[in-house]
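Quick note on this note's numbering: the sequence shown kicks off at 1340 and runs consecutively.
All residues carry an ideal CB built from backbone N, CA and C; glycine is no exception.
I have placed the structure first, in the form of structure tokens, so that the comments after it can refer back to it.
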Amino acid sequence: MEKLIRIRFGACFGLLMVITVLAFGDWQFWNTESIEGKLAENWKVKLEEEFRFTDGIKEFYYHHTDGSLTYRLTDWFYPGLNYRQIYEKKDGEWEEEKRPHFSGTFKWKWQDFKFKDRNRFEYRIRKEKNDVWRYRNKLSLIFPIRWTKLMIQPYLADEVFINLENAEFSRNRLYAGINLRFFSHLKTVIFYLWQTSNKDSGWIDYNIVGAKLKVEF
1340 MEKLIRIRFG ACFGLLMVIT VLAFGDWQFW NTESIEGKLA ENWKVKLEEE FRFTDGIKEF
1400 YYHHTDGSLT YRLTDWFYPG LNYRQIYEKK DGEWEEEKRP HFSGTFKWKW QDFKFKDRNR
1460 FEYRIRKEKN DVWRYRNKLS LIFPIRWTKL MIQPYLADEV FINLENAEFS RNRLYAGINL
1520 RFFSHLKTVI FYLWQTSNKD SGWIDYNIVG AKLKVEF
């Protein structure tokens, strides 16, 4: 299992280096802001807003609001329940999607490296389209490094998307970024993301620069 994980992250790192040099595909910017707090012992609640810009970061095309409830069942397993409201601009028209989803996240360490394996099942409710289930698996590696007083910590991640209706692999995301803290209750994430999506015309690539701000209390 550990060997497979190392191979997966090694492949991710190599691909990201090649993609960064070639820099093909549309460039986007994603901005995420959230607030998270302790609801009770082992329970956390979170509210998130995300905004996305496409066409060389010139056009606003996507927004979602997501509310979540997470429970710490053990030190290594965290189940969660979410509801997401999405508005996405397609062909000049804004389309709405309602997306309840639930997840289970496994956490562990290996030689001071931290791993997270999030398994998400989401139910996509869209107008004039069939309601479908989709599975997403995001595997993250956080390095045992903290630079400067901002506690800068690099990470890598890979996320796969599978449509359960036809067992189709529809999307992949590769992340490389850093976590840092300007203040004790303000967590910041800056990342580069390469996304490839299976469209009717074939596989389409996207280069995404993202920033996340999360207030914790």
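Open item on the list: Which of the three DSSP states is assigned to Asp1497 in this structure?
Closed with: One-based indexing of the sequence shown puts residue 1497 at position 158. Of the three classes helix, strand and coil, the one that applies to Asp1497 here is strand, per DSSP.
Task: The beta strand (DSSP E) enclosing Asn1370, as first and last residue numbers - done: Mapped onto the sequence shown, residue 1370 falls at position 31. Judged by DSSP secondary structure, Asn1370 falls within the beta strand (DSSP E) whose first and last residues are 1365-1379.
Open item on the list: If you measure between the beta carbons of Ile1374 and Val1499, is that distance less than 9 Å?
Closed with: To locate residue 1374, count along the sequence shown from 1; it is residue 35. To locate residue 1499, count along the sequence shown from 1; it is residue 160. Their beta carbons are not under 9 Å apart, which means Ile1374 does not touch Val1499 by this criterion.
Task: From Asn1511, Phe1482, His1440, residue whose alpha carbon lies closest to that of Trp1542 - done: As a first step, residue 1542 is located in the sequence shown; it is residue number 203 there, counting from the start. Per the Cα distances, Asn1511.
Task: Span separating the alpha-carbon of Glu1372 from that of Ser1540 - done: Within the sequence shown, the letter at position 33 stands for residue 1372. Within the sequence shown, the letter at position 201 stands for residue 1540. So the two alpha carbons sit approximately 33 Å from each other.
Task: Spatial distance of Trp1449 from Lys1428 (CA atoms) - done: On the sequence shown, residue 1449 is found 110 positions in, with the first residue counted as 1. On the sequence shown, residue 1428 is found 89 positions in, with the first residue counted as 1. Those two C-alpha atoms are separated by around 42 Å.
Open item on the list: For Gly1376 and Tyr1410, what's the separation of their Cα atoms in angstroms?
Closed with: For the purposes of this step, residue 1376 is taken as the residue at position 37 of the sequence shown. For the purposes of this step, residue 1410 is taken as the residue at position 71 of the sequence shown. So the alpha carbons of these two residues sit roughly 12 Å apart.
- [ ] Using 10 angstroms around the beta-carbon of His1440, count the other beta-carbons present and answer buried if the total reaches 16, otherwise exposed.
- [x] Working through the sequence shown from its first residue, we reach residue 1440 at position 101. Label assigned to His1440: buried.
Open item on the list: Quick check: the Cα distance between Tyr1474 and Leu1503, rounded to an integer number of angstroms?
Closed with: Here residue 1474 corresponds to residue number 135 of the sequence shown, with the count starting at 1. Here residue 1503 corresponds to residue number 164 of the sequence shown, with the count starting at 1. Their Cα atoms are separated by approximately 7 Å.
Task: Three-state secondary structure assigned by DSSP to Gln1450 - done: Locating residue 1450 in the sequence shown gives position 111, counting from the first residue. Three-state result, Gln1450: coil.
TODO: Following the continuous beta strand (DSSP E) through Asp1394, name the residue where it begins and the one where it ends.
DONE: The residue labelled residue 1394 in the question sits at position 55 within the sequence shown. First-last for Asp1394: undefined, no H or E at that position.
Open item on the list: On the DSSP bridge list, what partners appear for Gly1419?
Closed with: Here the question's residue 1419 lines up with position 80 in the sequence shown. In the DSSP output, where bridge partners are listed per residue, Gly1419 has Thr1409, Ser1442.
Open item on the list: Rounded to whole angstroms, what is the Cα-Cα separation between Lys1385 and Asp1544?
Closed with: Locating residue 1385 in the sequence shown gives position 46, where the first residue counts as 1. Locating residue 1544 in the sequence shown gives position 205, where the first residue counts as 1. Each residue's Cα considered, the two are about 31 Å apart.
TODO: Return helix, strand or coil for Asn1546, following the three-state DSSP convention.
DONE: If you number the sequence shown from 1, residue 1546 lands on position 207. Note: Asn1546 maps to strand in three-state DSSP.
Task: For Thr1527, the three-state DSSP class (helix, strand or coil) - done: Reading the sequence shown from its first residue, position 188 is the one you call residue 1527. Three-state result, Thr1527: strand.
TODO: Within its chain, find whatever has a CB closer than 6 Å to the CB of Asp1518; leave out the 5 residues flanking it on each side and keep chain order.
DONE: Numbered from 1 along the sequence shown, position 179 holds the residue referred to as residue 1518. Going by the sequence as given, residue 1518 is Asn instead of Asp. Cβ within range, chain order: Gln1492, Val1528.
Open item on the list: Cutting at 6 Å between CB atoms, please list the residues of its own chain near Phe1478, excluding the five before and the five after it.
Closed with: Residue numbering aside, residue 1478 sits at position 139 when the sequence shown is read from its first letter. Residue identity differs from the one stated: residue 1478 is Leu in this sequence, not Phe. The residues are Asp1456, Asp1497.
Task: Where the beta strand (DSSP E) through Arg1485 begins and ends - done: On the sequence shown, residue 1485 is found 146 positions in, with the first residue counted as 1. Segment: none, Arg1485 is in no beta strand (DSSP E) and carries neither H nor E.
Open item on the list: In the DSSP output, what is Gly1431 paired with across the bridge?
Closed with: The sequence position of residue 1431 within the sequence shown is 92, counting from 1. For Gly1431, which the question treats as bridged, DSSP gives no partner whatsoever.
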